[in-house]
Amino acid sequence: SEKQTTIGSYFSKV
Amino acid sequence: MFEARLISATILKKILDAIKDLLNEGTFDCSDSGIQLQAMDNSHVSLVSLTLRSDGFDKFRCDRNISMGMNLGSMAKILKCANNDDTVTIKAQDNADTVTFMFESPNHEKVSDYEMKLMNLDQEHLGIPETDYSCVVRMPSMEFARICRDLAQFSESMLICCTKEGVKFSASGDVGSANVKLAQTSSVDKEEEAVSIEMQEPVTLTFACRYLNAFTKASPLSGQVQLSMSADVPLVVEYRIQDLGHIRYYLAPKIED
Chain A
1 SEKQTTIGSY FSKV
Chain B
1 MFEARLISAT ILKKILDAIK DLLNEGTFDC SDSGIQLQAM DNSHVSLVSL TLRSDGFDKF
61 RCDRNISMGM NLGSMAKILK CANNDDTVTI KAQDNADTVT FMFESPNHEK VSDYEMKLMN
121 LDQEHLGIPE TDYSCVVRMP SMEFARICRD LAQFSESMLI CCTKEGVKFS ASGDVGSANV
181 KLAQTSSVDK EEEAVSIEMQ EPVTLTFACR YLNAFTKASP LSGQVQLSMS ADVPLVVEYR
241 IQDLGHIRYY LAPKIED
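Residue numbers (the numbering used here), protein chains in the order written: chain A, 1 to 14; chain B, 1 to 257.
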């Protein structure tokens, strides 16, 4: 099955 | 003092239509270079990034940088009050807690203004690194919208597979499976109808259809859409807004659990 990742796990907070 | 004027309210209506399904509210950051908005959708799966350059406006004045938090539902109510051919001016005083939208008819005989309360929004800004993508696909925006709509009937997820031969969109579920293949066009009458693929390495990624469908609400802004993909990083779906800027959507991929 597939898991949806979040966008925050790819881009860091500034 | 902040003041930005667009000749036609249509463009602002289209921009709002392109973001309001994903975002309930957003902060418009205004500086002398233009207006920017960056916000994640409620579930933090996608990110919307809007850039409107100051030189694309009919008039643009921004004495001090201001951030205006707006409820997009309220903004939509106000923009409904504008005719498409009205001129729209967005105005705010420095440190104001309201913003004013002024609409003027082409003959200047009707002038309306609507004041809206601003919101203080806790916004997380994400740094988006410059990336060389393995595949960049350009295609007609209406075609992309059609494919997303069609394939969403079959599954919650869509596979996008890009090779140098073309790009393939696939979905499979209880009903069966669907595949749409687009080859690079060899020659077209209109540039907007072209499909072009720049590929360094083939890429296959899986994405949630409902977000892709939400992004296609931006189709009226541009005849073409650009999809940028690399393995294991978010997809970028970009619509250019002629002479004004662009809207980019970043979508986190689905991965094998």
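All residues carry an ideal CB built from backbone N, CA and C; glycine is no exception. None of these values were measured; they are calculated from a predicted model.
Take B/VAL99, set aside five residues on each side of it, and the residues of its chain with a beta-carbon closer than 8 Å to its own are MET68, MET70, ILE90, LYS91, ALA92, GLU115, MET116, LEU118, in chain order. As far as DSSP is concerned, B/ARG146 takes part in no beta bridge.
Here B/THR51 is actually not in contact with B/GLY223; their C-beta atoms are around 19 Å apart, not less than 8 Å. Using a Cβ-Cβ cut-off of 7 Å, B/ASP132 does not count as an interface residue toward chain A, since no Cβ of chain A sits closer than that to its own. For B/ALA18, the nearest beta carbon of chain A is not closer than 7 Å to its own beta carbon. In the three-state scheme derived from DSSP, where H, G and I count as helix and E and B as strand, B/ILE7 is classed as coil. By the neighbour-count definition (other C-beta atoms within 10 Å, threshold 16), B/GLU109 is an exposed residue. In this structure, the straight-line span from the alpha carbon of B/ALA208 to that of B/ASP174 is close to 17 Å. At least one CB atom of chain A sits nearer than 7 Å to the CB of B/HIS44. Under the 10 Å beta carbon count, B/VAL136 is surrounded by 16 or more other beta carbons and is classified as buried. The DSSP-derived three-state label of B/ASN71 is strand.
Going by DSSP, B/ARG210 is part of the alpha helix (DSSP H) stretching over 209-215. For B/GLY166, the enclosing beta strand (DSSP E) starts and ends at 166-172. The shortest CA-to-CA distance from B/TYR250 to any of B/GLU256, B/ASP243, B/LEU235 is the one to B/LEU235.
In the DSSP assignment, B/THR87 forms a beta bridge with B/GLU104.
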